[in-house]
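Numbering (my numbering), first residue to last: 11 to 577.
Here it is as structure tokens:
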């Protein structure tokens with residue numbers, strides 16, 4: 011025992027190291043959760059140990075420069091962020107993504123309060139942990155350096171040596187893969203990625219990317235002010251009135267609509283509508299709304315998502331052709347990208363800033379749709395952005411539409427993902443689809459009553475994971491999503507007058523129902539449906555064209571900004 015005390019005195023400054031160790035463990039909690047719960051590490055003991063050593067070195071590095079009390083106060087910034095990392099790892103078995111951080115930053119006070127009310131005991135434990143952390147920091151820790159002076163240099167060299175060894179391993183891997191083209195830049199990128207993936211560096215990297223994206227979006231309106239599609243409508247001399255409506259759904263799964271073969275009768279109203287076309291093989295371009303919207307509304311793709319911020323949208327192209335354009339939405343009004351589009355529309359309606367509140371149903375959009383349709387403009391174009399089946403599922407429909415029971419009740423807990431709650435979640439989800447069926451049929455019927463050249467197109471931004479592939483995962487935004495999370499519904503209704511004027515387009519729309527389609531095709535398809543020509547026109551990408559060519563590979567831009575593909 012005396013030997014240990016001598017070593018401690020020689021290496022470390024005098025302090026209460028039991029308390030220091032406890033604070034280190036508290037700071038390491040997110041990394042511990044990653045080690046044991048992350049799908050990327052849980053099956054490999056070697057990878058777990060490598061991550062533990064690497065993340066510990068990141069954690070201890072600031073202690074080389076700061077005295078203990080200042081060190082723990084500095085690290086407490088990341089301790090306050092730890093619940094987000096732990097919560098995400100707990101649910102998704104993966105470290106936080108850009109999409110998740112965006113959702114957190116865009117969450118309003120009402121929504122946050124509702125969520126906190128569902129995890130009261132977790133919040134109590136969290137507050138107790140935070141209180142204990144600061145009490146120990148101020149009352150139990152001596153404010154001196156961790157290491158004795160002569161060992162300070164050794165500790166610093168050890169951290170540097172660990173990083174050099176890691177980089178050398180990265181480069182050696184590159185060299186073994188291709189000796190003739192061993193790429194030091196690739197090795198550097200892989201080395202940096204190790205930091206980007208380890209807590210708390212992943213939080214910092216995500217926030218930096220979020221800030222850079224914010225600056226880009228802030229300047230978006232100015233950057234594209236002079237942009238033009240030089241759009242023109244080929245049939246601009248038609249005497250009849252024209253109405254084109256695009257409905258963007260939320261978290262809708264192709265397979266949960268009975269019109270698509272689901273065993274539950276979830277879409278009885280759509281099944282009654284004549285001239286409605288449903289497409290069987292359509293994939294989303296992203297699994298989070300913030301990333302999916304730019305890829306839906308512009309010609310950008312998952313392979314070049316930045317193009318969405320260099321050009322305008324199909325809504326702007328309709329306005330160039332003289333259409334009276336409206337944006338009616340039940341969500342995403344806080345996103346700068348959507349704010350830019352809405353600002354340039356003739357009329358805009360955002361139902362509420364409290365988009366996650368109970369009672370904020372998509373049915374509230376209907377009067378605003380009536381208002382636009384009743385203006386009797388010669389040319390009308392409307393984009394409707396719904397909340398659809400966004401979790402909390404039981405908040406998405408009135409009680410009168412609770413067809414499948416038992417379902418989630420009240421303020422549902424985000425952590426309900428166990429087998430015993432599976433029936434509640436799926437029933438609530440199917441009830442939300444049942445209500446979506448009502449909303450879509452109401453909109454189609456309202457447009458049909460105008461008795462003019464018109465179409466209504468519905469597509470979901472992405473789908474939803476509901477225990478797919480035998481997992482306990484739900485929601486969306488997965489780093490590696492199952493097919494069910496990207497397989498989305500696409501419905502198109504055309505009026506009798508539209509079919510009379512554009513029989514060749516209706517024929518093409520029907521001919522392509524079983525072809526492989528991506529949400530990337532929406533931009534080209536909706537403009538083609540309205541017979542609009544423009545710069546960059548590509549008939550082979552429009553499902554309203556007999557020149558349409560399906561893609562053998564469909565790309566998806568994931569929540570962590572990586573591109574994956576599906577056949």
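Glycine is no exception: its CB is placed at the ideal position from the N, C-alpha and C atoms.
Predicted, not measured: the structure shown is a model, and the values here were computed from it.
Backbone secondary structure at residue 333 - three-state DSSP: The three-state secondary structure of residue 333, taken from DSSP, is coil.
Indicate the three-state DSSP secondary structure (helix, strand or coil) for residue 28 in the structure shown. helix
Per DSSP, residue 80 forms a beta bridge with which residues? DSSP output for residue 80 lists no bridge partner at all.
So, under 8 Å CB-CB, residue 373 and residue 360 are touching, yes? Tell me the CB distance rounded to an integer number of Å. In fact, because the Cβ distance is near 16 Å, the residues do not count as touching under 8 Å.
Straight-line Cα distance separating residue 305 from residue 151: The alpha-carbon separation between residue 151 and residue 305 amounts to approximately 52 Å.
In its own chain, which residues sit with a C-beta less than 8 Å from the C-beta of residue 147, not counting the 5 before and 5 after it? 33, 79, 82, 83, 86
Tell me which same chain residues have a C-beta within less than 8 Å of the C-beta of residue 273, skipping the five on either side of it? none
Where the alpha helix (DSSP H) through residue 357 begins and ends: That residue, residue 357, is in no alpha helix (DSSP H); its beta strand (DSSP E) goes 357-360.
Going along the chain, which residues of its own chain have a beta-carbon closer than 6 Å to the beta-carbon of residue 299, five neighbours each way excluded? 471
Which class does residue 466 belong to by DSSP, given the choice of helix, strand or coil? strand
Hey, quick one: how far does the beta strand (DSSP E) through residue 564 stretch, first residue to last? 564-567
Compare the beta carbon distance of residue 534 and residue 240 with 8 Å and say whether it is the shorter of the two. no
Endpoints, beta strand (DSSP E) assigned at residue 231: For residue 231, no beta strand (DSSP E) run applies; the uninterrupted alpha helix (DSSP H) run containing it begins and ends at 230-233, by DSSP.
So, are the CB atoms of residue 434 and residue 416 less than 8 Å apart? yes
Specify, as a first and last residue, the run of the beta strand (DSSP E) that residue 297 falls within. That residue, residue 297, is in no beta strand (DSSP E); it is neither H nor E in DSSP.
Taking just the CA atoms, how far does residue 567 sit from residue 524? 23 Å
Beta-carbon proximity list for residue 549, same chain, < 6 Å, skipping 5 on both sides: 555, 557
Segments of 3+ residues assigned as beta strand (DSSP E) that fall wholly inside the segment 359-415: 389-395
Just checking my contact of residue 463 with residue 316 at CB under 8 Å: how many whole Å lie between their CB atoms? Their Cβ separation, rounded to whole angstroms, is 36 Å, which puts residue 463 and residue 316 out of contact at 8 Å.
If contacts are defined as beta-carbon pairs under 8 Å, then residue 324 and residue 226 qualify, I think. What distance do you get, rounded to the angstrom? Their Cβ separation, rounded to whole angstroms, is 21 Å, which puts residue 324 and residue 226 out of contact at 8 Å.
Option nearest residue 321 by Cα separation, candidates 308, 330, 312: 308
So, is residue 312 buried or exposed, given that buried needs 16 or more other C-beta atoms within 10 angstroms? buried
Residue 88: which of 74, 68, 494, 104 sits nearest, CA to CA? 68
I'd like the ranges of any alpha helix (DSSP H) spanning at least 4 consecutive residues and lying wholly in the segment 201-265. 211-228, 230-233
Might you give, ordered along the chain, the residues of its own chain that have their beta carbon closer than 6 Å to the beta carbon of residue 426, omitting 5 neighbours on each side? Confidence is the limiting factor: at residue 426 the pLDDT is only 48, short of 50, which leaves the residue's position unreliable and the question unanswerable from this model.
Just mark residue 218 as buried or exposed, buried being the case when its beta carbon has 16 or more other beta carbons within 10 Å. exposed
What does DSSP give as the partner residue(s) for residue 521 in the beta ladder? Assignment of beta-bridge partners to residue 521 by DSSP yields no partner.
Is it the case that the CB of residue 229 approaches a heavy atom of the ligand ATP more closely than 7 Å? For the ligand ATP, the structure offers nothing, since it holds no ligand at all.
Suppose the cutoff is 7 Å on Cβ atoms and the five residues either side in sequence are ignored; what does the same chain contact list for residue 279 look like? 447, 448, 451
CB contact flag (residue 145, residue 176, <8 Å): no
For residue 475, write down the residues that DSSP places opposite it in a beta bridge. According to DSSP, residue 475 bridges with 485.
For residue 297, count neighbouring Cβ atoms within 10 angstroms of its own Cβ and tell me buried if that reaches 16, exposed if not. buried
Residue closest to residue 256, alpha-carbon to alpha-carbon, out of 105, 570, 559, 529: 529
With distances taken Cα to Cα, identify the nearest neighbour of residue 518 among 135, 484, 538, 357. 538
Please classify residue 59 as buried or exposed, where buried requires at least 16 neighbouring CB atoms within 10 angstroms. exposed
Out of 303, 356, 340, 162, which has the shortest C-alpha to C-alpha gap to residue 398? Between residue 398 and the set 303, 356, 340, 162, the nearest pair of CA atoms involves 340.
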